[in-house]
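A.B. asks: Below you will find the structure I want to go over with you.
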Ligand SMILES: [Zn+2]
Ligand SMILES: [Zn+2]
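Residue numbers (the working numbering): 4 to 334.
Below you can see the structure in the form of structure tokens.
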């Protein structure tokens with residue numbers, strides 16, 4: 004449904020962005036369907052945003068009119084807590100201000116990127132390097148940083164074996180980034196349907212999780228497993244794939260609790276962890292890394308009228324690999 008939303012007047016430290024593309028993230032779908040709790044309707048979602056600066060406030064120094072910029076999953080934080088001071092604004096203790104469905108500093112509910120314009124504090128606006136193709140930028144702001152951050156934190160690199168569970172929007176970025184970091188990458192997907200793509204993105208191995216032999220053959224193998232699936236998984240089965248001191252990191256977000264057998268953690272001193280997007284400095288680092296290594300998401304560009312159909316296709320895993328809305332179709 005098309006509607007009109009109000010953006011706040013440009014403050015001294017704000018940037019006005021004319022949006023060109025917005026990615027469709029699984030979180031958008033969970034949110035609009037109420038999977039994660041009550042929703043402050045009416046709501047515009049979208050937290051993978053790219054566009055150009057068209058106006059800046061009087062005190063803005065980081066961005067200029069005409070710059071190509073991006074906005075991801077958060078648009079502000081308290082800036083004072085321990086985590087904000089450590090550059091981990093995504094873990095702001097009082098809670099970061101999400102790009103949509105959060106209460107903004109002026110008391111209004113934030114509205115996301117499926118829209119023509121957005122006003123954002125300059126500190127939460129990212130510079131987009133020229134090397135990244137324009138229509139492919141947006142998914143980096145959520146899918147890219149969500150996978151880059153744990154890969155960097157748990158030291159994916161030469162000599163490490165990384166498994167990526169799920170080959171969707173997040174999974175395909177995890178593969179490309181881990182390969183660029185120098186890790187030996189294995190994809191664990193329900194079927195072998197996307198094997199050719201996985202190998203093209205640089206994975207060395209590709210296994211079907213629907214085949215029980217996979218879990219026997221790969222026992223005690225990986226240093227790091229990035230689980231991108233947002234449906235429940237058999238955690239114990241995946242923990243069994245970790246070698247000594249290995250970590251299973253969840254970045255997909257199933258609404259249900261996941262049971263874990265503690266003995267599966269004792270073996271090999273394994274860890275079961277979670278990770279949420281990344282800080283602003285790290286998000287900039289990720290964009291620069293992707294530009295430097297020539298990596299970008301695989302996208303299918305759609306008009307705004309096709310969003311509902313796109314949601315159905317995301318839910319049935321029928322997207323290779325991220326839908327991006329051409330915001331010109333809203334103008
Ligand atoms: Zn997202
Ligand atoms: Zn904070």
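We put the beta carbon where it would ideally sit given N, CA and C, even for glycine.
Consider the C-beta atom of residue 138 and the heavy atoms of ligand 2; say whether any pair is separated by less than 7 Å.
C.D. replies: Numbered from 1 along the chain shown, position 135 holds the residue referred to as residue 138. No, since every heavy atom of ligand 2 falls outside the 7 Å radius drawn around the Cβ of residue 138.
A.B. asks: For ligand 2, which residues have a Cβ under 5 Å from at least one heavy atom, in chain order?
C.D. replies: 80, 81, 84, 87, 95
A.B. asks: Residues bridged to residue 211 by DSSP?
C.D. replies: On the chain shown, residue 211 is found 208 positions in, with the first residue counted as 1. Bridge partners of residue 211: 192.
A.B. asks: Please report the straight-line C-alpha distance between residue 236 and residue 106, rounded to a whole angstrom.
C.D. replies: The residue given as residue 236 occupies position 233 in the chain shown. The residue given as residue 106 occupies position 103 in the chain shown. When the Cα atoms are used, residue 236 and residue 106 turn out to be separated by approximately 32 Å.
A.B. asks: Tell me the residue span of the beta strand (DSSP E) that contains residue 124.
C.D. replies: Taking the chain shown and counting its residues from 1, the one referred to as residue 124 is at position 121. 120-124 is the span of the beta strand (DSSP E), which, as asked, contains residue 124.
A.B. asks: Which first and last residues belong to the alpha helix (DSSP H) in which residue 198 is found?
C.D. replies: Taking the chain shown and counting its residues from 1, the one referred to as residue 198 is at position 195. For residue 198, the enclosing alpha helix (DSSP H) begins and ends at 198-203.
A.B. asks: How far does the beta strand (DSSP E) with residue 182 in it reach, from first residue to last?
C.D. replies: Here the question's residue 182 lines up with position 179 in the chain shown. Here residue 182 belongs to no beta strand (DSSP E); instead the alpha helix (DSSP H) covers 172-184.
A.B. asks: Kindly confirm or deny that the segment 135-144 and the segment 157-169 touch, where touching means at least three C-beta pairs closer than 8 Å.
C.D. replies: no
A.B. asks: If you count every other CB in all the chains shown that lies within 10 Å of the CB of residue 56, and 16 or more means buried, which is it?
C.D. replies: Indexing the chain shown from 1 puts residue 56 at position 53. Residue environment analysis places residue 56 among the buried positions, since at least 16 neighbouring C-beta atoms fall within 10 angstroms of its C-beta.
A.B. asks: With a cut-off of 8 Å on the beta carbons, I'd call residue 328 and residue 305 a contact; round off their distance for me.
C.D. replies: Within the chain shown, residue 328 is the residue found at index 325, counting from 1. Within the chain shown, residue 305 is the residue found at index 302, counting from 1. That belief holds up - the Cβ atoms of residue 328 and residue 305 are roughly 6 Å apart, short of 8 Å.
A.B. asks: Can we count residue 156 as close to ligand 1, meaning its CB is less than 7 Å from some heavy atom?
C.D. replies: Residue numbering aside, residue 156 sits at position 153 when the chain shown is read from its first letter. It does not: the Cβ of residue 156 is nowhere closer than 7 Å to a heavy atom of ligand 1.
A.B. asks: What are the start and end residues of the alpha helix (DSSP H) that includes residue 24?
C.D. replies: In the chain shown, counting from the first residue as 1, residue 24 sits at position 21. Taken as a continuous stretch (DSSP letters only), residue 24 belongs to no alpha helix (DSSP H), being part of the beta strand (DSSP E) at 17-26.
A.B. asks: Mind checking which residues open and close the alpha helix (DSSP H) that includes residue 313?
C.D. replies: On the chain shown, residue 313 is found 310 positions in, with the first residue counted as 1. If you look at residue 313, you'll find it in the alpha helix (DSSP H) that goes 310-318.
A.B. asks: Determine the direct distance from the alpha carbon of residue 61 to that of residue 190, and round the result to whole angstroms.
C.D. replies: For the purposes of this step, residue 190 is identified with residue 187 of the chain shown, where counting begins at 1. For the purposes of this step, residue 61 is identified with residue 58 of the chain shown, where counting begins at 1. Going by the C-alpha atoms only, they are around 48 Å apart.
A.B. asks: Distance check for residue 221 and residue 119, CA to CA, integer angstroms please.
C.D. replies: As a working mapping, residue 119 is identified with position 116 in the chain shown. As a working mapping, residue 221 is identified with position 218 in the chain shown. Straight-line Cα distance between these residues: approximately 47 Å.
A.B. asks: Are residue 224 and residue 174 close, meaning C-beta to C-beta below 8 Å?
C.D. replies: The residue you call residue 224 lines up with position 221 of the chain shown. The residue you call residue 174 lines up with position 171 of the chain shown. Contact flag unset, no.
A.B. asks: According to DSSP, is residue 273 helix, strand or coil?
C.D. replies: As a first step, residue 273 must be located in the chain shown, where it is residue number 270. Correct three-state label for residue 273: coil.
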